[in-house]
Amino acid sequence: DAQAATEYDRLRLYAIKRQRDRLEELRSNGTIGDEAYHRLEEEIDWSELAAAPAGSFQPLTT
Numbered sequence: 040d041a042q043a044a045t046e047y048d049r050l051r052l053y054a055i056k057r058q059r060d061r062l063e064e065l066r067s068n069g070t071i072g073d074e075a076y077h078r079l080e081e082e083i084d085w086s087e088l089a090a091a092p093a094g095s096f097q098p099l100t101t
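If you want it as structure tokens, here you go:
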């Protein structure tokens with residue numbers, strides 16, 4: 040069902056945004072360092088690319 044796929048994509052991208060927000064918090068409060076931050080950021084970037092519907096990718100952060 041096309042509507043279900045759209046809703047699934049929306050929820051998946053929302054979860055990725057929350058992961059990115061939490062990663063920023065961990066970095067800003069010193070819980071993780073730069074190396075860990077960048078490794079996790081890359082994983083989130085790849086997840087975001089995979090989750091975006093074909094032809095509609097737009098970065099969640101600018």
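Here the sequence shown is numbered in this note's numbering, starting from 40 and rising by one per residue. Backbone N, C-alpha and C fix where the C-beta goes; we use that ideal spot for every residue, glycine too.
Taking the alpha-carbon positions, what's the residue 86 to residue 68 distance?
Start at 1 with the first residue of the sequence shown, and residue 86 comes out as number 47. Start at 1 with the first residue of the sequence shown, and residue 68 comes out as number 29. Rounded to the nearest angstrom, the two C-alpha atoms are 24 Å apart.
Within this structure, are the beta carbons of residue 90 and residue 52 separated by less than 8 Å?
Here residue 90 is taken as the residue at index 51 of the sequence shown, counted from 1. Here residue 52 is taken as the residue at index 13 of the sequence shown, counted from 1. Going by C-beta atoms, residue 90 is nearer than 8 Å to residue 52.
Who are the near neighbours of residue 57 in its chain, counting only those whose CB is closer than 8 Å to its CB and skipping five residues on each side?
In the sequence shown, counting from the first residue as 1, residue 57 sits at position 18. Correct list: empty, nothing qualifies.
Considering only their Cβ atoms, is the gap separating residue 59 from residue 83 smaller than 8 Å?
Position 44 of the sequence shown, counted from the start, is the residue given in the question as residue 83. Position 20 of the sequence shown, counted from the start, is the residue given in the question as residue 59. Their beta carbons are under 8 Å apart, which means residue 83 touches residue 59 by this criterion.
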